[in-house]
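Per the UniProt record's numbering, numbering through the sequence shown is continuous, rising by one, with the last residue being 173.
Working notes, structure below.
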Amino acid sequence: MTAPARAGSLAGTWTVSDSRTRVTFAVRNLGRPAHGSVTCSWGEVEIDGSGAPRRVTAELDLGSLDTGIARRDADLRKPSLLDSDRQPVMTWTADRFTWGDGRWTAEGVLRVRGTRAPLTVTGPVEVLRDGWIRVRGAGTLDRRTVGIRAPRFLIGRTVSIDIDAWLRRPCPA
């Protein structure tokens, strides 16, 4: 997760804090920027003995989707868009990682509405003194790759995704 310093002490599985983690997105809607958020309901990161990530899995609760406009949220949940009544969870998994310029790049697969699409997330990682790891990442998704079809003037093709994830070791049983 970091450059080699403290690498061995990070080895193991880390859990994403659902209360501290924030996932936000932005897309053009009717030509104007629209912003929203979705809750990361579960996630974990496996770190190897060298301090490098080995696997990341995150589940996003589409029922928590919030753009600040109830009607738009209801529209986004419809079968023609996110279809969240039938498929309420969006999952992202990554198992290819590269380190450079002070940040990790994670190449993964996003699963939503019964489809799969590549999604690369890049960002810095901080190992904090209080035992937490903070990961800030950003990625871009072309909504057409997950089967969301709409005129571009209604919904922009590109969705910008920002992640502020907080990881902790699971409590011993």
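The C-beta atom is built at its ideal place from N, Cα and C for all residues, glycine as well.
Here the segment 124 to 135 does not lie against the segment 75 to 84, with fewer than 3 beta-carbon pairs under 8 Å apart.
Taken through DSSP and simplified to helix, strand or coil, A52 comes out as coil. Note that the segment 105 to 124 touches the segment 133 to 148; at least 3 beta-carbon pairs, one per stretch, sit closer than 8 Å. With a threshold of 16 other beta carbon atoms within 10 Å, I47 meets it and is buried.
By the neighbour-count criterion, in which 16 or more other beta carbons inside 10 Å mark a residue as buried, P170 falls on the exposed side.
In summary, I69 is exposed, with fewer than 16 beta-carbon neighbours lying within 10 Å of its beta-carbon over all protein chains present. DSSP lists D164 as the beta-bridge partner residues of R136.
Comparing alpha-carbon positions, the option among W166, T158, L167, R168 lying closest to F25 turns out to be T158.
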